[in-house]
Amino acid sequence: MPLGGIPRRGVALALTIWAVICSEVVNFLSEYRCFVKYGEILDVRYYRGDWSKAPSREVVEQTIAAYSTAPAGYAADFGVASDGRTLLVEVNDGYSLGPYGMWPELYAQLLSVRWAEMTDTDDLCNFGVPVPKT
């Protein structure tokens, strides 16, 4: 029988106290998604706001390098605030991301590397497609 409308199997989850981290409200002018595999930025894609307001490459690279507990594959979203700062918006796990126009072979590698890590299996897409350099 449900407890307060929550099915029994969901009671433990519903009664768990979760830590919530909040920041000040930020007015972002633009947002970009960085796709990362084994700590290397595979691609960066614009997805919201003014496309001409790109994040600081230095800030993005320093943030990715500092993420010492990162999964094998993930996306980090960065925004440019109205005061010009480049800020980390959020990080998303690499097993379920949209490609945002990313090169399909690199996207497959990103999904595969994270899935292999999660399932403790071999990465079947580790076929060596090089990361395009700018």
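The numbers in the working numbering rise by one with no breaks, and the one at position 60 of the sequence shown is 305. We put the beta carbon where it would ideally sit given N, CA and C, even for glycine.
Item to check | Close-in-space but distant-in-sequence residues of the same chain around residue 270 (CB under 8 Å, 5 per side omitted) | outcome: none
Item to check | Whole-number beta carbon distance between residue 323 and residue 314, since they are thought to touch under 8 Å | outcome: With a Cβ gap of about 19 Å, residue 314 and residue 323 do not count as contacting.
Next on the checklist: For the pair the stretch 274-294 and the stretch 341-350, tell me if three or more CB-CB distances fall below 8 Å.
Outcome noted: yes
Checklist entry - Got a sec, what are the start and stop residues for the alpha helix (DSSP H) residue 424 sits in? => result As displayed, the chain neither begins before 246 nor continues past 379, which places residue 424 out of reach and without an answer.
Item to check | Cut-off 6 Å between Cβ atoms - residues of its own chain near residue 295, not counting five sequence neighbours on either side | outcome: 274 and 275
Checklist entry - Do residue 356 and residue 339 have their CB atoms nearer than 8 Å? => result yes
Checklist entry - What do you reckon, are the CB atoms on residue 283 and residue 358 nearer than 8 Å? => result yes
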